[in-house]
Amino acid sequence: MRTSTVDLTADTARGAAARRTAAWTAGGLAVGAAVAGGLLAPADAAQGQAQRLMYLHVPAAWVAYLAFAVVLAASSAYLVGGDLRWDRFARAAAEIGVALTALTIATGAIWGQLVWGTWWAWDPRLVSTALLLLAYAGYLALRRTLAERAGGPDGGDRRVARPAAVAGVAGFLLVPVVHFSVLWWRSLHQQATILAPARPPIDSRMALALLLAVAAASAAALCVLAHRVTRLERRLGATPERPAPIRAGRDPAPDEPARVR
Numbered sequence: 000m001r002t003s004t005v006d007l008t009a010d011t012a013r014g015a016a017a018r019r020t021a022a023w024t025a026g027g028l029a030v031g032a033a034v035a036g037g038l039l040a041p042a043d044a045a046q047g048q049a050q051r052l053m054y055l056h057v058p059a060a061w062v063a064y065l066a067f068a069v070v071l072a073a074s075s076a077y078l079v080g081g082d083l084r085w086d087r088f089a090r091a092a093a094e095i096g097v098a099l100t101a102l103t104i105a106t107g108a109i110w111g112q113l114v115w116g117t118w119w120a121w122d123p124r125l126v127s128t129a130l131l132l133l134a135y136a137g138y139l140a141l142r143r144t145l146a147e148r149a150g151g152p153d154g155g156d157r158r159v160a161r162p163a164a165v166a167g168v169a170g171f172l173l174v175p176v177v178h179f180s181v182l183w184w185r186s187l188h189q190q191a192t193i194l195a196p197a198r199p200p201i202d203s204r205m206a207l208a209l210l211l212a213v214a215a216a217s218a219a220a221l222c223v224l225a226h227r228v229t230r231l232e233r234r235l236g237a238t239p240e241r242p243a244p245i246r247a248g249r250d251p252a253p254d255e256p257a258r259v260r
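Counting from 0, one number per residue, gives the positions in the sequence shown under numbering that gives the first Met the number 0.
Quick look at the structure:
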């Protein structure tokens, strides 16, 4: 069955079937990645078994980038077209990106303790990733604050959506800083593996396991995004926008009842 973003987020029987198919696909890829990473791929010659954290750490980081790219695209689409549905995509993608960035930092801390002997180092990649997490956590906090101040729902109010869209676009500027930090500054963190300029310095079995893990994480994130947007649409899609309050001294519109002063 053909699936698309519209099908996956449609609150219909076809949409639900597409989401189940995507979930089964993600599960199958996850099993394949676990087998390849745990059994097929060899341990690293220098890092030993600790290197297997790569099959969780790297996919979490890459899919967090993708989630923030969705925030960028959806926020830009809202600013251009004004469709609140794009704002809901941005909110859901930001939630996924924040969770995956936190997972990236946590797995990186464990990996660093096993390899470097420390949970944290003031390394450009680590610091920039922490700033990325704070930026998008702040984006979600901004949405909540604006919604509480406006008295409207987060995801169903233009007074929240427009400033949130601007923040979502601006926040993506940190993503290339994080990615290229290992090239721009001296860093303990290793440089690119799959996207290295020369031949990737990785065993082909490790590369297969890593690509399967990235595919599994991407498919799982797509499922979560679809479910989250569907729930937001179900809760907010039919919610009418609250009209702006009538200012003192302004004549009511023809369809507004006159107020007794």
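Glycine residues also receive a C-beta, built at the ideal position from the N, C-alpha and C atoms.
Cα-Cα separation, L211 to R148
For L211 and R148, the distance between alpha carbons rounds to 44 Å.
Measure the Cβ-Cβ separation of V159 and R142 and say whether it is below 9 Å.
In this structure, R142 lies closer than 9 Å to V159 by Cβ.
Host alpha helix (DSSP H) of R51 (start-end):
Unbroken run through R51: none, as it is neither H nor E.
Starting from G47, follow its DSSP beta bridges and name the residues at the other end.
In DSSP, G47 forms a bridge with D43.
Have a look at Y64 and A92 and give me their C-alpha separation to the nearest angstrom.
Using only the alpha carbons, I get a separation of about 10 Å.
Is the stretch 101-112 in contact with the stretch 75-93, if contact means three or more CB pairs nearer than 8 Å?
Verdict: no, contact absent.
For L302 and D43, I'd like the C-alpha separation in whole angstroms.
The requested residue 302 is not part of the displayed model; the chain covers only 0 to 260.
Within the chosen definition, does the stretch 23-36 reach the stretch 218-227 through at least 3 CB pairs nearer than 8 Å?
Output reads yes: the stretch 218-227 touches the stretch 23-36.
Decide if A146 is buried, meaning its Cβ has at least 16 other Cβ atoms within 10 Å, or exposed.
Around the beta-carbon of A146, 16 or more other beta-carbon atoms lie within 10 Å, marking it buried.
Distance, L172 Cα to W61 Cα
Those two C-alpha atoms are separated by around 16 Å.
Terminal residues of the continuous alpha helix (DSSP H) containing I201?
That residue, I201, is in no alpha helix (DSSP H); it is neither H nor E in DSSP.
Residues in the same chain with beta-carbon distance under 8 Å from G267, minus the five sequence neighbours each way, listed in chain order, please.
The chain is shown from 0 up to 260; residue 267 falls before or after that span and cannot be answered.
In three-state terms, what does DSSP make of L182?
Here L182 sits in helix by DSSP.
What residues in its chain sit with their C-beta under 6 Å from that of D156, if we drop five residues either side in the sequence?
Apart from the 5 residues on each side of it in sequence, D156 sits with its Cβ closer than 6 Å to the Cβ of A149 in its chain, given in chain order.
In its own chain, which residues sit with a C-beta less than 8 Å from the C-beta of P41, not counting the 5 before and 5 after it?
These residues qualify, in order along the chain: D202, R204, M205.
In whole angstroms, what separates the C-alpha of C269 from that of T8?
Residue 269 is absent from the structure shown; the chain starts at 0 and stops at 260.
A17 beta carbon less than 9 Å from that of D6
A contact, by the Cβ cut-off of 9 Å.
Output the distance between the C-alpha atoms of R51 and A98, rounded to the nearest integer angstrom.
A straight-line Cα-Cα distance of about 21 Å links R51 and A98.
How many angstroms separate the CA atom of L209 from the CA atom of L224?
Going from the Cα of L209 to the Cα of L224 covers about 22 Å.
On the premise that H56 lies in contact with T103, defined as a C-beta separation below 8 Å, what is that separation, rounded to the nearest angstrom?
Between H56 and T103 the Cβ distance is about 6 Å, and since that is below 8 Å, they are a contact.
Extent of the continuous alpha helix (DSSP H) run through L38:
Element bounds for L38: n/a, residue is neither H nor E.
Would you decide whether D82 is buried or exposed? Buried here means 16 or more other CB atoms lie within 10 Å of its CB.
D82 sits exposed, since fewer than 16 C-beta atoms from the chains shown fall within 10 Å of its C-beta.
Span of the alpha helix (DSSP H) around D86:
In the DSSP annotation of this structure, the continuous segment of the alpha helix (DSSP H) that includes D86 starts and ends at 83-114.
For A225, would you say it is in contact with chain B, using Cβ-to-Cβ distances shorter than 9 Å as the test?
No chain B appears in the structure shown, which is made up of a single protein chain.
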